[in-house]
Every structure is written in C-alpha cells, then in structure tokens.
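Structure, as structure tokens:
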Amino acid sequence: LPPSLLLLIHRQPPFPAFLDTFVEAAIAQAGYFDQQHLANFWLGCANLNYGPSKAYWAACREALEGDRVLSSLSLFETSTLLHALAVMDVEESRSLLAPLVGRATEEMRRRREQERDRAKRREMDVETESALRQLHQTYLYLQVLRREREDGREGGGRAGGRVRERSRWWGR
C-alpha cells in the first residue's frame, strides 16, 4: 500500500468501508509511513469526520511519542495534526496534543528569535555602513590635508597660512 494513497484521502474521500481496510493496512505497516503522510491522513480523516479505530490510534501514539519523530515534524505538519486531532476530538488523541502544542509553541518562539536576530543584523549593517562612510570621508579629508601641507612646504600652494594652522592643530 503506497503512502501516496494517504494524499488521495484529501482529494477524493473514499467510502468508510475502504477507510476501515486502509486503517488496518496502515497499522500493519506503521513504520512505513513518514510524518507528512500521517499528517495528511489525519487531516483527511478530520475532513470525513471519521475517527480511526483505537488500534490505529495506539499505533500512531507509539509512532509520535518519540522526541525524534516530534522534532522532525515541520510547523505545518504539526498544525495539521493539531487541526485534525481537534476536529475529530478522539479520546486517545488527547495525550498527543500536549507535546504537539509544545512543539508548535517552541517552533514559533524559535522563528521569532531568528527574525529578531535578522533585524539586529540589519541594524548593525546600517551602523557599520555609516561608520565606514564616515571613515572614508575622514580618509579623504586627511588626504586633502596632506596634499595642502606638501603644497605649503614647497611654497607654491594656495593654502598659505591655513596649512600652518592645520599643522598646529595636528601637533606639527
């Protein structure tokens, strides 16, 4: 039974009898389905208002209770599961809700922190660019001073007395 059949439940809801058979097959091959397919299956069941059998929920709980599996779910998959579980309101699903809500909350917190870090970096980039611009202007000013000083020493420069004033200012 290919996992792509799980996606068909979304698009074309099968008859309940087929769904019962499908659920039994899914239990038999619980390790064969990845989390995205599980999420799609749950959403499909929610759209049909069909609560899978207790045996299926036991198999799903076993698959989802591990930290490794929960941490591999994307935020979209987590929210899909939450939606499906809430719509079906299956008693066995309630033990899964807490870790899924925790995971979704943690993911949102992490994304907010990343956005805050990006904003800080952008702010630092603007400050750095401003400092570099100021440094470049200072460099150009010093180049002008040096040229004026050299022209003043040769005696033919337009700077005249200004060079001596600036030289005093620079401590020379």
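Letter 164 of the sequence shown, counting from 1, is numbered 164 in UniProt numbering, and no numbers are missing. Think of the CB as a built atom: it goes at the ideal place given N, C-alpha and C, for glycine as much as any other residue. These numbers come from a predicted model, not from an experiment.
- prompt: If you draw a straight line from the alpha carbon of residue 149 to that of residue 140, how long is it in whole angstroms?
  reply: 14 Å
query: Cα separation between residue 120 and residue 136?
result: 24 Å
query: Is it buried or exposed for residue 111, if we count other Cβ within 10 angstroms and need 16 for buried?
result: Exposed is the call here.
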